[in-house]
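What follows is a single structure, written as structure tokens, with notes after it.
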Amino acid sequence: MYGRHPLTGSLEINAAESITDDDRSRKMQELDRATLPPPLDATRRSWLLEPPQPKTKKYVDLGCILVSRKIFLWTLGTVLVTSFLAGSITMIVRHAPHHKQREPKPDNYTVALRKALMFFNAQKSGKLPEHNNVTWRGDSCLQDGKDQTGGFHKDLVGGYYDAGDATKFNFPMSYAMTMLSWSVIEYSAKYKAAGELDHVKELIKWGADYFLKTFNSSADTIDVMVEQVGSGHDDHYCWMRPEDIDTERIVTPCYDSCSHLGAEMAAALASASIVFKDNRVYSQKLVHGAKTLYKYADFVKDKNSKNQSREFYKSSLFWDELLWGGAWLYYATGNVTYLDHVTSHDMARKAGAFWNSPDYGVSSWDNKLPGAQLLLTRLRLFMSPGYPYEDILSTFHNQTGVVMCSYLPYFTRFYRTKGGLIQLNHGEPQPLQYAANAAFLAALYSDYLDAADTPGWYCGPDFYSTKVLRDFARSQIDYILGKNPQNMSYVVDFGQRYPRHVHHKGASIPKSVKKESCKGGWKWRDTKRDNPNIIVGAMVAGPEKHDGFHDLRSNYNYTEPTLAGNAGLVAALVALSGEETLESIDKNTIFSAVPPLTPATPPPPAPWTP
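For the record, in the sequence shown the residue sitting at position 570 is 624 according to this note's numbering, with numbers rising by one throughout.
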């Protein structure tokens, strides 16, 4: 079929492809149905048409509470992972190689201090404690005080032997115990750091317990006390171990001529009472004994000079002991009666505070004035009691400064050896004990000034710092420990080179040897062999005035140690120990019994007259 286009002419139409409108509509409907999704079943239709349901949380029942299962699982997992990691780290650290941190090496003064205290263990008399730590010593002189009838005059077992012999002299023994107590009161922290606080307190108690036996310590007044046990002459003649002594030991009583001993022993007990202040019952027992002794000493002081029979440890004066003992009793009791007594102008004058003798400033078992003045200077520095004590206390303070000036190398009051040892005993034998005492006083005064925020003191117009005092103290102790022309340590068992022939009976006779007679022991005294027993920590008498030294057992002026000497050494060593890491002094303990002092109102000035 042909049609005609209006513009181009004819148009050919294929009849086969021609369809009707009904056919086209039918085909469109079939196509629309093909594009739709298949019909849903009833279950799926109901799910779509119903409203959404909330999810149900699951819980874990822990008995008292319900915990979300999800939180429970997370918590449990966290704990397990953490435990695993901690265990792994612990195992790694435990099995990994590592080095222990070493304690700092103790300084020489601390090492020497530990050894110097051991000397007192070797000097003990009586029934020894289980852990005395001196293998060659044993129980000795267990019959001391027993008379010929078999009864006890007094139980005098205990105490310390004075030196290389077996005599117990109460006067130097009291001084030694006072020095040990003083050092503990001032430097307890240093003793504790050195691990020696309990040790030194045990040593002090050993001495104090013995002193309480030597007089009627329960009484308020006494008229007799024991001065010594054993005979100095017999002791020098017989060379035998103390453990082998089985003869009667002479007891020397003193009735009305021991003011010096009573006051010195009072100082020992009073100072010990401060050391043991935490043991109230024992401390009060010591205080009571000290009061009784001081009352006796003050009562018999006018008769003291009449007795000239002593051949060993004579006291050249007793007023210094009264000053010393009274000062310690004031600190132990807080009773101002004692302070009034020791700050009187008359007491200071008689004790020699205003003298200028050659021995002024030489502290020793015989001269307590330097120590007493320093002890009372402490009161002025830290308590400032004011009127009416200021006058004498300021004098003691000034005189202490003068003494310290005399120790310095810039002045020529005392000769020094070429090696640097100060000759406080003017070139006489046995110089080390005096040098050790001076070292302690100098170090302690330096610490007092530092604690009082005072940088130094004056010697005339010149000002010196506290460091100068410590340098002096170190120089003397270093000399004793081996920094000397002999390169010899004068403390046994300290350093590589020290005396091997110490004048000491117990150290010179082997423990395994059978009992020797008086003369039979001479072969051990005179042998040139080294002592079979090492008396650890003993400071020997020392060199002569030109630094020379002879290691001879037969010459006690070189090789004999003493209680008084070692006590001063211990005090100086603890004062110098641990300087870089430890505080200096304990400012307050000594004032535990001292109440606050309210200065009295001074009297009005005298009326003016034209």
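Cβ coordinates follow ideal geometry from the N, Cα and C atoms, glycine included.
So residue i and residue j are in contact, right, with Cβ under 8 Å, and what is the actual spacing, rounded?
i    : j    : result
A317 : W378 : 7 Å
A326 : M231 : 7 Å
A595 : L486 : 7 Å
K244 : V628 : 5 Å
A262 : L323 : 6 Å
A386 : A654 : Not quite, the Cβ-Cβ distance comes to about 23 Å (not below 8 Å), so this is no contact.
A626 : A505 : Incorrect: roughly 18 Å between the Cβ atoms, too far for contact.
D501 : A426 : With 8 Å as the limit, D501 and A426 do not qualify as a contact, their Cβ atoms being about 18 Å apart.
R191 : L182 : 6 Å
Q453 : A493 : Rounded, the Cβ-Cβ distance is 19 Å, inconsistent with contact.
Q177 : N224 : Going by Cβ atoms, the distance from Q177 to N224 rounds to 14 Å, so no, they are not a contact pair.
P539 : K472 : 7 Å
D310 : S370 : Between S370 and D310 the Cβ distance is about 19 Å, and since that is not below 8 Å, they are no contact.
Would you kindly report the start and end of the unbroken alpha helix (DSSP H) that includes residue i?
i    : result
G619 : 617–630
T306 : No alpha helix (DSSP H) holds T306; the beta strand (DSSP E) holding it covers 305–308.
C312 : Premise fails: C312 is in no alpha helix (DSSP H) and is neither H nor E.
F174 : 162–176
M233 : 224–247
H600 : From DSSP, H600 is part of no alpha helix (DSSP H); its letter is neither H nor E.
F265 : 251–265
N611 : 610–613
Specify the secondary structure class of residue i as computed by DSSP and reduced to three states.
i    : result
K569 : coil
R434 : helix
F645 : helix
F138 : helix
Q362 : In this predicted model, Q362 has a pLDDT of only 41, less than 50, meaning its place in the structure is not dependable; the value taken from the coordinates is given anyway. Looking at Q362 - three-state DSSP - the assignment turns out to be coil, as it is neither helix nor strand.
S327 : helix
G192 : coil
L102 : Only weak support exists for where L102 lies, its pLDDT of 45 falling under 50; the coordinates are left without a value.
Y464 : coil
Y336 : helix
M294 : coil
G380 : helix
R583 : coil
G180 : strand
I589 : coil
I125 : helix
K357 : helix
K349 : helix
Y215 : coil
I639 : coil
K200 : strand
I276 : coil
I476 : strand
Where does the unbroken beta strand (DSSP E) through residue i begin, and where does it stop?
i    : result
M279 : 279–283
G510 : 510–513
Let me confirm a value: residue i is counted as buried when at least 16 other C-beta atoms fall within 10 Å, else exposed. Which label applies?
i    : result
F465 : exposed
Y214 : buried
W578 : buried
Y469 : exposed
F19  : Because residue 19 is not part of the residues shown, which for the chain are 55 to 664, the question remains open.
A70  : In this predicted model, A70 has a pLDDT of only 41, less than 50, meaning its place in the structure is not dependable enough to derive any value.
T301 : exposed
A351 : buried
Q550 : exposed
R434 : buried
K565 : exposed
S235 : buried
K355 : buried
C572 : exposed
D516 : exposed
E184 : exposed
N585 : buried
G514 : exposed
H604 : exposed
R403 : exposed
P615 : buried
I589 : buried
V133 : exposed
N541 : exposed
Checklist entry - Curious, which full-length alpha helix (DSSP H) runs of at least 4 residues does the region 488–559 contain? => result 520–534
Item to check | Start-end ranges of the alpha helix (DSSP H) lying completely within the region 391–415, minimum 4 residues | outcome: 399–404
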